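First up is the structure itself, then whatever we jot down about it.
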Amino acid sequence: MYYCSKCQKEISICPACKQRVSDATALLFYQIAAVCFAVAAVFFLLELELNEKTAKAMQPFKDSAEIAEKKAKVEAVDLPKPPKKVAPASKAQAPKKSPIRGQTADFRTALWGTSRSRINEEEKSQLLNDESAYNLDYLDTINNLDTVVRYTFSSNRLDSGHYIFFGERCANLEQLDQTSLKKIGDSTPKSIQSLFAIFPKLRNKTPADLKSVELFYHEMLTSLVGQLGEPVERTLGEDESLLTIDQKVASVMVFDRTLSYSWDTPKSIVDLVFAAHENTMYLCISFHNRKTAK
Amino acid sequence: MTTLHCHHCKQKTDECPECKEPIEQKLTLPTVLIIISLLLTCHTGYRWYLAMEEHEKAQVLRQAYLKKHPPAALKKTR
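These protein sequence lines map, in sequence, to chains A and B.
For reference, each letter of the first sequence is one residue, going 1 to 294 in the numbering used here.
For reference, each letter of the second sequence is one residue, going 1 to 78 in the numbering used here.
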């Protein structure tokens, strides 16, 4: 555009012939800009097309990644391994799918409310004790560790289930600087102490030093957090993140303390109790019927 | 100094017909537009280049995958 800076007027008419004149330079600039915009648009469309093609080419990998992710989830929730499932006689009798662990039941192969006699028939593990009216104890092996599988009944109906792991007396605790250790959690209750007396022989040799106890406790906790998310309740509350795993484990093992975590799921309440009695590890994962849980 | 060139009468004018001051040419807007469009072209071009590289990688992966897991239709032809 031509203009006069003094009289602030645009000059678009030739003063001699009074014909309209145009600014060729400005027009050229506009044309160049228009071409650039067009090129940019073409690049944009090409990019969209390429992205689509790439997504199509990667589809099998995405599918397999999704399948692998699902598989990993199922494997991650495989902690309490149920015995081989017997094919259900009819569809009506087939256990419902549990939302908790990807298993087909609430606790191992049983649903909450299953009768004691039926569990007795269906449980394939070695029977340890069936004398109590409230408990049925079996011996199973999970993660190469001897585990007490305890079914608890109320009015002869399955009310809760527990996986109990015992370690051996922790070695080399004397070498720890116990003065620097902080006492955390609660002291181990009598109910847990009595379990050590009930199952005197079920000691696993693997969790017999601080490192292996740490490893086992961390593995169990992360596995449950992976399946059920962050616990809704825990003994340490907000202090949990302030302490390292080795500090927690050392304190529990040295001072015979107890740490517990709780998760809430649609059908069950899940607890993890990590404790020690006479410097011996105790770890219990319990599943309680949500309807009857206190 | 800016000169107005008339394509009709072929005359050149370089001063305002009213005040006789030299005339000026305003090219700010087209210049800004050119800069913006050039930047936009560079940006989309670069993105296209990245997408092209990504696509080539995906193709290599896909070929390797298809070699390992040939689709049923291809299996029959082998």
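Glycine included, every Cβ here is placed at the ideal spot set by N, Cα and C.
As the structure is a prediction and not an experimental result, all values here were calculated from the model.
Endpoints, the alpha helix (DSSP H) within which residue 213 (chain A) is located: Start at 1 with the first residue of the first sequence, and residue 213 (chain A) comes out as number 213. For residue 213 (chain A), the enclosing alpha helix (DSSP H) starts and ends at 210 to 228.
Leaving out the 5 sequence neighbours to the left and right, which residues in its chain are closer than 6 Å to residue 174 (chain A) when beta-carbon positions are compared? Walking along the first sequence from the start, residue 174 (chain A) turns up at place 174. Setting aside the 5 residues that flank it on each side, residue 174 (chain A) has no residue in the same chain whose C-beta is closer than 6 Å to its C-beta.
Give me the DSSP bridge partner(s) of residue 262 (chain A). Indexing the first sequence from 1 puts residue 262 (chain A) at position 262. The partner list for residue 262 (chain A) (beta bridge, DSSP) reads A:233, A:271.
State yes or no: is the beta carbon of residue 8 (chain A) nearer than 7 Å to at least one beta carbon in chain B? The count along the first sequence starts at 1 and reaches residue 8 (chain A) at position 8. Not an interface residue.
Residues bridged to residue 203 (chain A) (per DSSP): Looking up residue 203 (chain A) in the first sequence gives position 203. Note: residue 203 (chain A) sits in no beta bridge, so no partner.
From which residue to which residue does the beta strand (DSSP E) around residue 288 (chain A) run? Within the first sequence, the letter at position 288 stands for residue 288 (chain A). Membership of residue 288 (chain A) in the beta strand (DSSP E) is indicated by the continuous run 280 to 289.
Close-in-space but distant-in-sequence residues of the same chain around residue 13 (chain B) (CB under 6 Å, 5 per side omitted): Within the second sequence, residue 13 (chain B) is the residue found at index 13, counting from 1. Closer than 6 Å at Cβ, skipping near neighbours: 4.
Find the residues of chain A that neighbour residue 26 (chain B), judging by a C-beta separation of less than 7 Å, and give them in chain order. To locate residue 26 (chain B), count along the second sequence from 1; it is residue 26. Those are 1, 3, listed as they occur along chain A.
Going along the chain, which residues of the segment 214 to 240 of chain A sit with their C-beta nearer than 9 Å to a C-beta in chain B? Within the segment 214 to 240 of chain A, no residue places its CB atom closer than 9 Å to a CB of chain B.
Have a look at residue 224 (chain A) and residue 292 (chain A) and give me their C-alpha separation to the nearest angstrom. Residue mapping note: residue 224 (chain A) aligns to position 224 of the first sequence, counting from 1. Residue mapping note: residue 292 (chain A) aligns to position 292 of the first sequence, counting from 1. Rounded to whole angstroms, residue 224 (chain A) and residue 292 (chain A) show a C-alpha spacing of 22 Å.
Here's the rule I'm using: 16 or more other beta-carbon atoms within 10 Å means buried, otherwise exposed. How should residue 167 (chain A) be labelled? As a first step, residue 167 (chain A) must be located in the first sequence, where it is residue number 167. By the 10 Å Cβ count, residue 167 (chain A) comes out buried.
Tell me whether residue 44 (chain B) sits in a helix, a strand or coil according to DSSP, three-state version. On the second sequence, residue 44 (chain B) is found 44 positions in, with the first residue counted as 1. Reduced to three states, the DSSP call for residue 44 (chain B) is helix.
Does the count of Cβ pairs from the segment 141 to 153 of chain A and the segment 197 to 209 of chain A closer than 8 Å reach three? Result yes; three or more Cβ-Cβ pairs closer than 8 Å.
What residues are listed by DSSP as bridge partners for residue 126 (chain A)? Mapped onto the first sequence, residue 126 (chain A) falls at position 126. Residue pairing of residue 126 (chain A) in beta bridges, as defined by DSSP: A:139.
Do the CB positions of residue 47 (chain A) and residue 47 (chain B) come within less than 7 Å of each other? Position 47 of the first sequence, counting from 1, holds the residue named residue 47 (chain A). Position 47 of the second sequence, counting from 1, holds the residue named residue 47 (chain B). Result yes, Cβ atoms of residue 47 (chain A) and residue 47 (chain B) sit closer than 7 Å.
Quick check: is the beta carbon of residue 19 (chain A) nearer than 7 Å to any beta carbon in chain B? For the purposes of this step, residue 19 (chain A) is taken as the residue at position 19 of the first sequence. Closer than 7 Å: yes.
Determine the DSSP secondary structure at residue 115 (chain A), reduced to helix, strand or coil. Taking the first residue of the first sequence as position 1, residue 115 (chain A) is located at position 115. Note: residue 115 (chain A) maps to strand in three-state DSSP.
Do residue 18 (chain B) and residue 5 (chain A) have their C-beta atoms closer together than 7 Å? Locating residue 18 (chain B) in the second sequence gives position 18, where the first residue counts as 1. Locating residue 5 (chain A) in the first sequence gives position 5, where the first residue counts as 1. In this structure, residue 18 (chain B) lies away from residue 5 (chain A), with their beta-carbon atoms at least 7 Å apart.
Mind the definition here: the segment 272 to 280 of chain A touches the segment 185 to 192 of chain A only if three or more C-beta pairs lie below 8 Å; say whether that holds. Counting C-beta pairs with one atom in each stretch, the segment 272 to 280 of chain A and the segment 185 to 192 of chain A have three or more that are closer than 8 Å, which means they touch.
Looking at C-alpha atoms only, which residue of A:261, A:282, A:65, A:155 is the closest neighbour of residue 235 (chain A)? Position 235 of the first sequence, counted from the first residue, corresponds to residue 235 (chain A). It is A:261 whose Cα lies nearest to the Cα of residue 235 (chain A).
Does the beta-carbon distance from residue 45 (chain A) to residue 51 (chain B) come in below 7 Å? Numbered from its first residue, the first sequence carries residue 45 (chain A) at position 45. Numbered from its first residue, the second sequence carries residue 51 (chain B) at position 51. Cβ atoms of residue 45 (chain A) and residue 51 (chain B): not closer than 7 Å.
Among residues of its own chain, excluding the 5 on either side of residue 114 (chain A), which ones have a beta-carbon nearer than 6 Å to its beta-carbon? Translated into positions along the first sequence, residue 114 (chain A) becomes position 114. Same-chain partners within the cutoff: 158.
Spatial distance of residue 71 (chain A) from residue 61 (chain A) (CA atoms): Sequence index remark: in the first sequence, residue 71 (chain A) carries index 71 (1-based). Sequence index remark: in the first sequence, residue 61 (chain A) carries index 61 (1-based). The straight-line gap separating the alpha-carbon atoms of residue 71 (chain A) and residue 61 (chain A) is approximately 15 Å.
Against chain A, does residue 58 (chain B) count as a neighbour if the rule is that its beta carbon must be under 7 Å from one of theirs? In the second sequence, counting from the first residue as 1, residue 58 (chain B) sits at position 58. Yes, residue 58 (chain B) counts as interfacial toward chain A.
Give, in chain order, every residue of the segment 44 to 77 of chain A whose Cβ lies closer than 8 Å to some Cβ of chain B. Cβ contacts with chain B come from 44, 46, 47, 50, 51, 53, 54, 57, 58, 60, 61.
Please classify residue 288 (chain A) as buried or exposed, where buried requires at least 16 neighbouring CB atoms within 10 angstroms. Here the question's residue 288 (chain A) lines up with position 288 in the first sequence. So residue 288 (chain A) ends up on the buried side.
Which of helix, strand or coil DSSP assigns to residue 15 (chain B): The residue given as residue 15 (chain B) occupies position 15 in the second sequence. It is a strand residue.
Beta-bridge partners of residue 146 (chain A), as assigned by DSSP: Here residue 146 (chain A) refers to the residue found at position 146 of the first sequence. The beta-bridge partner set that DSSP reports for residue 146 (chain A) consists of A:141.
Please report whether the beta-carbon of residue 110 (chain A) lies at a distance below 7 Å from any beta-carbon of chain B. As a position in the first sequence, residue 110 (chain A) is number 110, starting the count at 1. Chain B, which has no Cβ nearer than 7 Å to the Cβ of residue 110 (chain A), makes this no.
Examine chain B for any beta-carbon lying closer than 7 Å to the beta-carbon of residue 16 (chain A), and answer yes or no. Numbered from its first residue, the first sequence carries residue 16 (chain A) at position 16. Yes, because at least one Cβ of chain B sits closer than 7 Å to the Cβ of residue 16 (chain A).
For residue 102 (chain A), name the three-state secondary structure that DSSP assigns. Here the question's residue 102 (chain A) lines up with position 102 in the first sequence. Residue placement at residue 102 (chain A) is flagged as unreliable, the pLDDT there being 47, under the threshold of 50; the coordinate-derived value follows with that caveat. Note: residue 102 (chain A) maps to coil in three-state DSSP.
Should residue 179 (chain A) go down as buried or exposed, given a rule of 16 or more other Cβ atoms within 10 Å for buried? Residue mapping note: residue 179 (chain A) aligns to position 179 of the first sequence, counting from 1. Residue 179 (chain A) comes out exposed.
Rounding to the nearest angstrom, what Cα-Cα distance links residue 246 (chain A) and residue 110 (chain A) in this structure? Start at 1 with the first residue of the first sequence, and residue 246 (chain A) comes out as number 246. Start at 1 with the first residue of the first sequence, and residue 110 (chain A) comes out as number 110. Approximately 36 Å between the Cα atoms of the pair.
Rounded C-alpha distance that separates residue 198 (chain A) from residue 127 (chain A): Here residue 198 (chain A) is taken as the residue at index 198 of the first sequence, counted from 1. Here residue 127 (chain A) is taken as the residue at index 127 of the first sequence, counted from 1. The straight-line gap from Cα to Cα measures roughly 14 Å.
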